[in-house]
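A.B. asks: Got a structure here, written out as structure tokens. Questions coming.
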Amino acid sequence: MWPRNFCCHLGPIDIRASVRRRAVLSNWHVNAQIHGRATHLWRDPDLPLLNVTSPRDFPRRKLNDTPWGIGIVGGGDISGRYASCIKASPRLVLRGLSAKDEDTRALVVDPSIDIVVNLTPPLAHEAVSRLALQAGKHVYSEKPLAHDLPQARSLMKLAAERGLALACAPATFLGNAQQSVRQLLDVEALGTIVGARGILMYPGPDKWHHNPAPLFGPAAGPLFDMGIYHLAALVALFGPIECVTAFASQSSNSRIVVKGPKAGHRFDVSVPTHVCTLVKFVDGQIADLVFSFDGVGSAAPALEIYGTNGSLSLPPPGLFSGKVQQALRYGTWSELETSCEEWDDSLWIAGLYALVDHLEGYDTPWPNAQFALHCLEAMVKIEASTKLGETLLLETSCQRPQPLTHKTIRRWKNPDQRVR
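Mapped onto the working numbering, the consecutive letters of the sequence shown carry residue numbers 319 to 738.
See below:
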């Protein structure tokens, strides 16, 4: 629950006066709350619906300017954590939180909001991101970017036409665990990298989530919901994927909610719940990966990387931090001593910080839409391979993100150090 003093109310705002300054919808009036939820929306009947101003390039924010206004769409489990981290950052200010359709339409046209954080269920990602882009907002979306490739490409085209930034989780490749591994790979400490092995094995979100049904439907399941973390980590470490082949199974056609107000409710399962895939990268590495909601657990490392001179064992790639084990001689494992900056809870929104860095002109690696599109195609092709029984080539590619610098992390922790 938000504190009672969280909001201060404003009267109706006619945003038509700000059309020249922002690409906002010119036919809506909003009753807004400056630090809270937009509460009322009505349309001027004399103006056409969604009459958006012409595309233009958005100016980058000057250093030491006012904080970036953030609006969150979605009231799921992670929205509270996003809100807490945003409120704790002097570089950002939370302007709105929306969990209903009518609130969302009001939020995206609020002129105090610069960036919309899209935390809606997977099938709603494309529609909400499109609404925000049409309203002239930069977007940071939860994964996946969209339900399918045409939708994702359409969003990217819209963002490019309007000069807007489109970013997408996961951004865990920015965390100190994966950045520590990146340092070793860049100096070839493991020799020639030949491949990787990863596993996600647990009973599934129906055992803990209050509304797990969407996580067992299209654009979800263990592949799209959790496998994306392994794929994004490996693309960030190895580079783009060349081809995939996969097999899948489904243990049950329905499941039962265990916890929350819907406990005992049975829902349909429409996607595979156990997926095994081989992934070949453009540079020749091969990874074998398992993503499953059908097992109790696994004692195997979440992700291992193999080179001719050594191996690495990584924490779950959905985490920003954790211990990395290394074996540089046969049979000898030890904890990797990292020179990366210490990671803390404030950096849980590292992807959002990286997006803001990009908008301010810093040369910071960020989870851009092209990277997200490539990871999405990998998942789409893995899913298709399970049905066709064929190895499928990927058509998209992406740049391997640059390593994160100590200076960038220190700036995220202390925004007063925002000096180029």
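Idealized CB from N, CA, C, for every residue including glycine.
Per DSSP, what kind of secondary structure is isoleucine 546 in: helix, strand or coil?
C.D. replies: Start at 1 with the first residue of the sequence shown, and residue 546 comes out as number 228. Helix.
A.B. asks: Serine 569 and threonine 591 - do their beta-carbons sit closer together than 8 Å?
C.D. replies: On the sequence shown, position 273 is the one that residue 591 refers to. On the sequence shown, position 251 is the one that residue 569 refers to. Against a cut-off of 8 Å, the Cβ pair of serine 569 and threonine 591 comes out as a contact.
A.B. asks: Using the beta-carbon count (16 or more within 10 Å), is glutamine 720 buried or exposed?
C.D. replies: Translated into positions along the sequence shown, residue 720 becomes position 402. Classification of glutamine 720: exposed, given that the 10 Å Cβ count is below 16.
A.B. asks: Just reading off the beta strand (DSSP E) that asparagine 436 is part of, what are its end residues?
C.D. replies: In the sequence shown, residue 436 corresponds to position 118, counting from 1. Note, asparagine 436: beta strand (DSSP E), 433-436.
A.B. asks: Answer with buried or exposed for glutamate 695, where buried requires no fewer than 16 other C-beta atoms within 10 angstroms of its C-beta.
C.D. replies: Against the sequence shown, residue 695 aligns to sequence position 377. Buried, since its Cβ has 16 or more Cβ neighbours within 10 Å.
A.B. asks: On the DSSP bridge assignment, give the partners of glycine 398 in chain order.
C.D. replies: Locating residue 398 in the sequence shown gives position 80, where the first residue counts as 1. Per DSSP, none; premise fails for glycine 398.
A.B. asks: Quick check on phenylalanine 585: does DSSP put it in helix, strand or coil?
C.D. replies: Your numbering for residue 585 matches position 267 in the sequence shown. Strand.
A.B. asks: If you check the beta carbons only, do proline 440 and proline 540 fall under 8 Å apart?
C.D. replies: Position 122 of the sequence shown holds residue 440. Position 222 of the sequence shown holds residue 540. No. Outside cutoff.
A.B. asks: Count the C-beta pairs between the segment 488-505 and the segment 668-676 that are closer than 8 Å, then say yes if the count reaches three, no if not.
C.D. replies: Flag = yes, the segment 488-505 and the segment 668-676 touch.
A.B. asks: For the beta strand (DSSP E) holding isoleucine 700, just list the boundary residues, first then last.
C.D. replies: Taking the first residue of the sequence shown as 1, we reach residue 700 at position 382. Taken as a continuous stretch (DSSP letters only), isoleucine 700 belongs to no beta strand (DSSP E), being part of the alpha helix (DSSP H) at 687-706.
A.B. asks: For the putative contact between cysteine 693 and leucine 549, defined by C-beta atoms under 8 Å, what is the C-beta separation to the nearest angstrom?
C.D. replies: Residue numbering aside, residue 693 sits at position 375 when the sequence shown is read from its first letter. Residue numbering aside, residue 549 sits at position 231 when the sequence shown is read from its first letter. Indeed they touch by this definition, with Cβ atoms about 5 Å apart.
A.B. asks: Could you check the C-alpha separation between valine 434 and threonine 714 for me, to the nearest Å?
C.D. replies: In the sequence shown, residue 434 corresponds to position 116, counting from 1. In the sequence shown, residue 714 corresponds to position 396, counting from 1. Spanning the two alpha carbons is a distance of roughly 26 Å.
A.B. asks: Assign arginine 399 to one of two classes, buried (16 or more other C-beta atoms within 10 Å of its C-beta) or exposed (fewer than that).
C.D. replies: Walking along the sequence shown from the start, residue 399 turns up at place 81. With fewer than 16 Cβ atoms within 10 Å of its Cβ, arginine 399 is classed as exposed.
A.B. asks: Between the segment 490-509 and the segment 627-640, do three or more beta carbon pairs fall short of 8 Å?
C.D. replies: Judged by Cβ distances under 8 Å, the segment 490-509 makes contact with the segment 627-640, as three or more pairs qualify.
A.B. asks: Using only alpha-carbon positions, find the residue among Gly613, Asp663, Ala551, Trp661 that is nearest to phenylalanine 599.
C.D. replies: Position 281 of the sequence shown, counted from the first residue, corresponds to residue 599. It is Ala551 whose Cα lies nearest to the Cα of phenylalanine 599.
A.B. asks: Would you report the Cα separation of tyrosine 547 and proline 634, rounded to the nearest angstrom?
C.D. replies: Within the sequence shown, numbered from 1, the residue matching residue 547 stands at position 229. Within the sequence shown, numbered from 1, the residue matching residue 634 stands at position 316. Roughly 8 Å between the two C-alpha positions.
A.B. asks: By the DSSP assignment, the alpha helix (DSSP H) with glycine 387 in it spans what residues?
C.D. replies: To locate residue 387, count along the sequence shown from 1; it is residue 69. No alpha helix (DSSP H) holds glycine 387; the beta strand (DSSP E) holding it covers 386-391.
A.B. asks: Where do the N-terminal and C-terminal ends of the beta strand (DSSP E) with valine 576 fall, by residue?
C.D. replies: For the purposes of this step, residue 576 is identified with residue 258 of the sequence shown, where counting begins at 1. Looking at the DSSP string, valine 576 is not in any beta strand (DSSP E), and its letter there is neither H nor E.
A.B. asks: Which runs of the alpha helix (DSSP H) fall wholly inside the segment 474-520 and span at least 4 residues, in chain order?
C.D. replies: Counting whole runs of 4 or more residues, the segment 474-520 contains the alpha helix (DSSP H) stretches 494-504.
A.B. asks: How about leucine 449 and threonine 422: do their beta carbons lie closer than 8 Å?
C.D. replies: The residue you call residue 449 lines up with position 131 of the sequence shown. The residue you call residue 422 lines up with position 104 of the sequence shown. In this structure, threonine 422 lies closer than 8 Å to leucine 449 by Cβ.
A.B. asks: Opposite lysine 525 in the DSSP bridges: which residues?
C.D. replies: If you number the sequence shown from 1, residue 525 lands on position 207. None, per the DSSP bridge assignment.
A.B. asks: So, helix, strand or coil for arginine 374, using DSSP?
C.D. replies: Numbered from 1 along the sequence shown, position 56 holds the residue referred to as residue 374. Confidence at arginine 374 is low in this model, with a pLDDT of 37, below 50, so the placement of that residue should be treated as unreliable; the coordinate-derived value is given next. Correct three-state label for arginine 374: coil.
A.B. asks: Quick one: is proline 408 buried, meaning 16 or more other Cβ sit within 10 Å of its Cβ, or exposed?
C.D. replies: Counting from one through the sequence shown, the residue named residue 408 turns up at place 90. Exposed is the call here.
A.B. asks: Helix or strand or just coil, what does DSSP make of serine 444?
C.D. replies: Your numbering for residue 444 matches position 126 in the sequence shown. According to the sequence provided, residue 444 is glutamate. The question's serine does not apply to it. Here glutamate 444 sits in helix by DSSP.
A.B. asks: For threonine 563 versus threonine 709, is the C-beta distance shorter than 8 Å?
C.D. replies: Taking the first residue of the sequence shown as 1, we reach residue 563 at position 245. Taking the first residue of the sequence shown as 1, we reach residue 709 at position 391. Yes, Cβ-Cβ distance for threonine 563 and threonine 709 is below 8 Å.
A.B. asks: Note down, in chain order, each residue of its chain lying with its Cβ closer than 7 Å to the Cβ of valine 614, except the 5 sequence neighbours on either side.
C.D. replies: As a working note, residue 614 is residue 296 in the sequence shown. Cβ within range, chain order: Pro521.
A.B. asks: Leaving aside the five residues before and after glycine 513 along the sequence, list all residues of the same chain whose C-beta is less than 6 Å from its C-beta, in chain order.
C.D. replies: What you label residue 513 is simply residue 195 of the sequence shown in a count that begins at 1. The residues are Gln603, Ile604, Ala605, Tyr624.
A.B. asks: CB phenylalanine 585 to CB serine 572, shorter than 8 Å?
C.D. replies: As a first step, residue 585 is located in the sequence shown; it is residue number 267 there, counting from the start. As a first step, residue 572 is located in the sequence shown; it is residue number 254 there, counting from the start. Against a cut-off of 8 Å, the Cβ pair of serine 572 and phenylalanine 585 comes out as a contact.
A.B. asks: Using only alpha-carbon positions, find the residue among Glu506, Met544, Leu632 that is nearest to tryptophan 651.
C.D. replies: Residue 651 sits at position 333 when you count from the first residue of the sequence shown. The shortest C-alpha separation from tryptophan 651 is found at Leu632.
A.B. asks: What distance in whole Å lies between the Cβ atoms of methionine 697 and phenylalanine 534, which are believed to be in contact at a cut-off of 8 Å?
C.D. replies: One-based indexing of the sequence shown puts residue 534 at position 216. One-based indexing of the sequence shown puts residue 697 at position 379. Not a contact, Cβ separation roughly 16 Å.
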